[in-house]
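Reading the sequence shown from the start, the letters are residues 12 to 294 in the numbering used here. Below is one structure, written out as structure tokens; the observations come after it.
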Amino acid sequence: MDHVTLANGIRMPILGFGVYQIPPEQTERAVTEALAAGYRLLDTAAAYGNEEAVGRAVKSSGIPREELFVTTKLWVQDAPAEANSRRAFETSLGRLGLDHVDLYLVHQPFGDVYGQWRAMEEFHREGRAKAIGVANFHPDRLVDLILHNETAPAVNQIETHPFFQRTADQELMRARGVQIQSWGGFAEGRRNLFDDPLLSAIGAEHGKSVAQVVLRWLIQRGVVAIPKSVRPERMAQNIDVFDFELTEDQMAAIATLDTGGSVFFDHRDPVMVERLGTHRLDS
Ligand code: NAP
């Protein structure tokens with residue numbers, strides 16, 4: 012497994028396992044299988060409703076804690092967010108059955124983000140979040156957060172896949188010491204990604220699947236990827252991407268697939284700002 016080193020020196024696997032949309036009753040099995048397949052980075056969130064199941068799988072795996080990299084995320088909080096965020100963090104740690112997480116992310120750029128971030132900085136100082144970061148921040152929000160706080164986010168987890176490549180955003184983040192992490196690396200299969208003719212042809216040249224080409228392309232760009240699958244054969248396929256390399260020409264060909272826009276929604280769309288920004292978790 013290759014790693015990236017975050018701005019604060021923490022090492023993070025470049026490939027991990029995401030558990031969004033895995034129902035809680037399936038998550039323990041899926042994470043157990045993912046750990047058996049060799050994944051060591053797990054990506055969950057309070058909003059996914061499956062932190063407890065992730066925690067059970069981690070515990071029963073017997074894998075030493077220091078070999079794992081566990082990420083969870085703080086949902087949108089109202090002002091003043093420090094106390095609410097602390098409660099939410101304690102709840103997440105309790106559900107995971109852990110005394111620290113390796114990465115804690117502000118899940119959405121909505122609500123009292125600055126209050127959330129000040130709470131995050133405290134969790135980091137306390138050693139209970141080894142690294143802190145954000146998700147779904149467009150460059151304007153990211154730069155503002157960096158300029159007006161002590162700690163810069165170590166990571167920005169954003170939609171990144173062949174149809175929305177984020178190269179300019181990645182460049183801005185690199186300049187500011189923020190590691191880019193891809194969510195939806197397969198665009199959740201939208202726009203027929205798994206049957207894309209170009210990606211299929213490149214895969215055929217290497218004896219690899221479209222999924223493997225996409226993950227390899229992300230890794231060669233220095234983007235941390237966290238593919239999700241509930242199927243053990245796909246988990247194994249998705250981690251088997253360290254024995255081949257895409258050529259410069261293949262990387263350049265994949266660059267032509269970029270549409271420059273989301274296949275889901277734009278986090279700057281006022282309808283979504285209201286829908287997500289006013290949603291609250293039960294506890
Ligand atoms: P994704 O990884 O792009 O796609 C997952 C889909 O691809 C599933 O339908 C899966 O089906 C299928 N798949 C997986 N491997 C495959 C393979 N080798 N061949 C064919 N199909 C395959 O989608 P995602 O789950 O949305 O994104 C990944 C992770 O990013 C999430 O799990 C979550 O941890 C994180 N995320 C974060 C945010 C955020 O706001 N920060 C938002 C979305 C996601 P099966 O399961 O049936 O195999």
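We put the beta carbon where it would ideally sit given N, CA and C, even for glycine.
Ranked by how close their Cα comes to the Cα of Asp206, the residues Gln190, Arg139, Glu78 and Val225 have Val225 in first place. Counting only residues of its own chain and dropping the five nearest sequence neighbours on each side, Asp54 has a CB closer than 6 Å to the CB of Gly27, Gly29, Thr82 and Ile237. Rounded to whole angstroms, the separation of the alpha carbons of Trp128 and Phe174 is 31 Å. With distances taken between CA atoms, Glu39 lies nearest to Val241 out of Phe253, Glu182 and Val241. In the structure shown, Leu114 adopts extended strand secondary structure according to DSSP, grouped into three states.
The count of Cβ pairs closer than 8 Å, one atom from the segment 191-198 and one from the segment 156-176, reaches three, so the stretches are in contact. Closest in alpha carbon position to Asp251, among Arg227, Arg152 and Ser211, is Arg227. Contact annotation: Lys141 and Leu114 have beta-carbon atoms nearer than 8 Å. For Ser273, there is no enclosing alpha helix (DSSP H), as DSSP gives it neither H nor E. Between Val234 and Gln192, the C-beta gap is smaller than 8 Å, which places the two residues in contact. Where Ala140 is concerned, the enclosing beta strand (DSSP E) starts and stops at Ala140 to Ala146.
For Ile169, the beta-bridge partners assigned by DSSP are Ser193.
By the CB criterion at 8 Å, Met246 and Ala64 fall outside the cutoff. The alpha-carbon of His290 is positioned some 23 Å away from that of Glu36. Under the DSSP assignment, Arg106 falls in the alpha helix (DSSP H) whose first and last residues are Ala92 to Leu107. The Cβ-Cβ distance between Leu116 and Gln168 falls below 8 Å. Contact between the segment 147-161 and the segment 97-109 is absent: fewer than 3 CB-CB pairs across the two stretches fall below 8 Å. As a beta-bridge residue in DSSP terms, Val235 pairs with Gln192.
Take Phe276, set aside five residues on each side of it, and the residues of its chain with a beta-carbon closer than 8 Å to its own are Met283, in chain order. Straight through space, the alpha carbons of Leu79 and Val42 are spaced by roughly 12 Å. Here Glu62 has Thr55, Thr83, Ser103, Arg106 and Leu107 as same chain residues with Cβ atoms under 7 Å from its own Cβ, once five neighbours each way along the sequence are excluded. Judged by the Cβ position, Phe253 fails to qualify as a neighbour of the ligand NAP at the 7 Å threshold, every heavy atom of the ligand being at least this far. Annotation for His217: the continuous alpha helix (DSSP H) segment containing it runs Pro208 to His217. Short of 6 Å from the beta carbon of Arg139, and not among the five residues preceding or following it, lie these beta carbons of its own chain, in chain order: His111.
Our two residues, Arg201 and Val274, have alpha carbons roughly 7 Å apart in a direct line. Going by DSSP, Phe175 is part of no beta strand (DSSP E) at all; its letter is neither H nor E. Boundaries of the beta strand (DSSP E) around Arg22: Arg22 to Pro24. Annotated three-state conformation of Asp54 is strand, per DSSP. The beta carbon of Gln231 lies closer than 8 Å to those of Glu256, Leu257 and Met262 in the same chain, with the five residues before and after it left out.
Non-local beta-carbon contacts of Ser72 in its own chain, meaning distances under 7 Å to residues more than five positions away in sequence, involve Thr43 and Leu46 in chain order.
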